[in-house]
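Q: A single structure is presented below for examination.
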Amino acid sequence: MSSEFTGVDGTWKIIDYPLHPECVGCKFEIKSENPNKYRLHASVINSMNCSLEYNLENNEWKTSSIMSTLMAGSPEEMNKENFINDLISNIKRLHVEDEQYLIIQTNNGATAQLERF
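Structure (structure tokens):
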């Protein structure tokens, strides 16, 4: 596995997501299961969980189907949750900078920056 991905494990908070600025402050937790597979947990209203798998050959990530609880909330919060679900579902690349920042690039060209906390 590329040293670029050392330090992906941790608790992260979105600090910049130009496509959906209302998602700033949303939190993710990423835990290693084995060298190329991780568990991702996020929560807005519902708890969302999936696996992330790293493909060394093409330097890309793939997410499994997202499992989620089924609670309802305000339309604004439900929209935010849909945006986070879309971000997670489309993860293509993860890059850690200075062990403090996580950059997510998606299949549709969006970028989000998260900070370790």
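Quick note on numbering: my numbering labels position 8 of the sequence shown as 486, and the sequence is numbered without any gaps. For glycine and all other residues, C-beta sits at the position ideal for the given N, C-alpha and C.
1. To the nearest angstrom, report how far apart residue 529 and residue 502 are at their CA atoms.
2. Among 580, 539, 553, 543, which has the Cα closest to the Cα of residue 507?
3. Whose C-alpha, out of 541, 488, 536, is nearest the C-alpha of residue 433?
4. Indicate whether residue 518 and residue 588 have their beta-carbon atoms separated by less than 8 Å.
5. Of the residues 554, 559, 511, which one's Cα is nearest the Cα of residue 545?
6. Specify the secondary structure class of residue 506 as computed by DSSP and reduced to three states.
7. Helix, strand or coil: which one does DSSP assign to residue 545?
8. Cutting at 7 Å between CB atoms, please list the residues of its own chain near residue 570, excluding the five before and the five after it.
9. Just reading off the alpha helix (DSSP H) that residue 567 is part of, what are its end residues?
10. Nearest CA to the CA of residue 543: which residue from 527, 553, 557, 513?
11. Residue 533 bridges to which residues according to DSSP?
12. Is the separation between the beta-carbon of residue 514 and that of residue 534 shorter than 8 Å?
A: This is what the structure gives:
1. By 1-based counting over the sequence shown, the position of residue 529 is 51. By 1-based counting over the sequence shown, the position of residue 502 is 24. Straight-line Cα distance between these residues: approximately 22 Å.
2. In the sequence shown, counting from the first residue as 1, residue 507 sits at position 29. Comparing Cα-Cα distances from residue 507 to each of 580, 539, 553, 543, the minimum goes to 580.
3. What is shown of the chain runs 479 to 595, which leaves residue 433 out entirely.
4. Taking the first residue of the sequence shown as position 1, residue 518 is located at position 40. Taking the first residue of the sequence shown as position 1, residue 588 is located at position 110. Taking 8 Å as the Cβ cut-off, residue 518 and residue 588 do not qualify as a contacting pair.
5. Your numbering for residue 545 matches position 67 in the sequence shown. Residue 559 is the option with its Cα nearest to residue 545.
6. Position 28 of the sequence shown, counted from the start, is the residue given in the question as residue 506. In the structure shown, residue 506 sits in a strand (DSSP, three-state: E or B).
7. Residue 545 sits at position 67 when you count from the first residue of the sequence shown. Strand.
8. For the purposes of this step, residue 570 is taken as the residue at position 92 of the sequence shown. 538, 539, 583, 584, 585.
9. Within the sequence shown, numbered from 1, the residue matching residue 567 stands at position 89. Taken as a continuous stretch (DSSP letters only), the alpha helix (DSSP H) holding residue 567 covers 553-567.
10. In the sequence shown, counting from the first residue as 1, residue 543 sits at position 65. Of the candidates 527, 553, 557, 513, the one whose C-alpha sits nearest the C-alpha of residue 543 is 527.
11. Numbered from its first residue, the sequence shown carries residue 533 at position 55. Residue 533 pairs with 538.
12. One-based indexing of the sequence shown puts residue 514 at position 36. One-based indexing of the sequence shown puts residue 534 at position 56. Yes, Cβ-Cβ distance for residue 514 and residue 534 is below 8 Å.
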